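*Asks:* Numbering (my numbering), first residue to last: 6 to 334. This is the structure I have questions about; it appears just below.
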């Protein structure tokens with residue numbers, strides 16, 4: 006047994022002896038190469054639990070960020086806000102938190118006002134005033150999220166290594182993929198059905214001088230990189246087909262389903278959606294979806310020229326991320 010496994014076992018045993026096995030993992034701070042997460046998805050009042058392996062050894066900054074958001078409860082009770090045949094996009098919009106004029110998800114679907122609904126329930130927006138923290142507060146106010154991207158550097162240390170200006174920490178995440186110069190000794194994870202990917206939207210950048218940022222790797226290196234590739238926040242994608250437009254060279258594929266049983270659960274969910282479309286819309290997928298056009302994302306953007314305007318496709322019956330729980334650190 007390797008030393009880190011022995012140390013972790015001792016830690017778990019000591020905590021379990023005093024406060025019980027349920028709290029054993031949370032009582033230790035030892036990090037493993039392969040953290041685990043359980044994502045619970047609800048569709049049509051049925052729940053589906055997907056167990057994931059997270060590859061900290063390959064994507065340490067991405068996995069840390071995902072874990073910090075999950076531990077803060079940020080992902081709980083959010084929706085799949087963009088539904089495509091190859092990937093589902095989630096992680097940024099709350100499900101029925103707001104009580105203002107946007108109304109509920111069902112109201113927005115029936116009134117064709119999903120754009121307004123998403124604007125009101127945008128968890129990354131500083132104007133969000135629901136009964137939970139938004140992304141801005143978690144990063145800038147409570148410091149629940151660890152910085153990895155900076156807008157300035159402070160100089161060089163005695164070994165002539167660049168150092169970041171800690172006061173210039175930016176809220177986005179260092180992109181750990183090959184197009185951003187992130188190399189993995191044995192190659193990046195393959196993007197397969199069920200894969201988890203940290204996602205970023207294309208930014209509008211007119212001033213190329215502002216398009217460079219300073220990224221801090223898990224090895225404490227400071228690198229100058231293109232902001233576009235280091236602009237992810239909380240959004241993630243779940244690949245739901247055998248192929249995807251989100252290549253591993255441009256998006257960190259930081260998690261995969263743990264077992265064939267979990268893949269079966271995902272297939273059950275996909276089949277339940279197909280059955281729902283067949284039963285309620287005579288197999289017409291277009292009637293199962295509703296568009297949200299000209300949605301403004303990245304509203305706390307300071308580096309890009311403007312907030313990003315995108316179109317989303319949502320489902321009439323919501324696909325809800327009920328919870329994201331870290332089961333192994």
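Built from N, CA and C at the ideal position, the CB exists for glycine as well. Values in this document were obtained by computation on a predicted structure and should not be read as measured data.
Spatial neighbours of residue 318 within its chain, please: CB distance less than 8 Å, with the 5 preceding and 5 following residues excluded, ordered by chain position.
*Replies:* 87, 88, 89, 294, 295, 296 and 297
*Asks:* Can you list the beta strand (DSSP E) stretches of 3 or more residues lying completely in the segment 53-87, in chain order?
*Replies:* Secondary structure in the segment 53-87: no beta strand (DSSP E) run of 3 residues or longer lies completely within the stretch.
*Asks:* Roughly how far, in whole angstroms, is the beta-carbon of residue 246 from the beta-carbon of residue 198, given that I think they are within contact range, below 8 Å?
*Replies:* The Cβ separation is near 6 Å, so the contact holds.
*Asks:* To the nearest whole angstrom, what separates the beta carbons of residue 170 and residue 158, a pair I think is in contact under 8 Å?
*Replies:* Right, the Cβ-Cβ distance comes to about 6 Å (below 8 Å), so this counts as a contact.
*Asks:* Looking only at DSSP bridge pairs, what is residue 39 linked to?
*Replies:* 60
*Asks:* Assess, as a yes-or-no matter, whether the segment 304-318 is touched by the segment 203-210 under the definition of 3 or more beta carbon pairs within less than 8 Å.
*Replies:* yes
*Asks:* Does DSSP put residue 305 in a helix, in a strand, or in coil?
*Replies:* coil
*Asks:* Could you check what DSSP says for residue 293 in three-state terms: helix, strand or coil?
*Replies:* helix
*Asks:* Tell me the rounded alpha-carbon separation between residue 56 and residue 200.
*Replies:* 11 Å
*Asks:* How far does the alpha helix (DSSP H) with residue 320 in it reach, from first residue to last?
*Replies:* That residue, residue 320, is in no alpha helix (DSSP H); its beta strand (DSSP E) goes 313-320.
*Asks:* Let me make sure I understand the geometry here. Which of 72, 48 and 307 has the alpha-carbon closest to that of residue 281?
*Replies:* 48
*Asks:* With the cut-off set at 9 Å, would you say residue 244 and residue 205 are in Cβ contact?
*Replies:* no
*Asks:* Measuring CA to CA, which of 283, 256, 223 and 71 is closest to residue 332?
*Replies:* Of the candidates 283, 256, 223 and 71, the one whose C-alpha sits nearest the C-alpha of residue 332 is 71.
*Asks:* So, helix, strand or coil for residue 174, using DSSP?
*Replies:* strand
*Asks:* Can you tell me whether DSSP reads residue 242 as helix, strand or coil?
*Replies:* strand
*Asks:* Does the segment 111-124 come into contact with the segment 139-147, if we say contact requires no fewer than three beta-carbon pairs (one atom in each stretch) closer than 8 Å?
*Replies:* no
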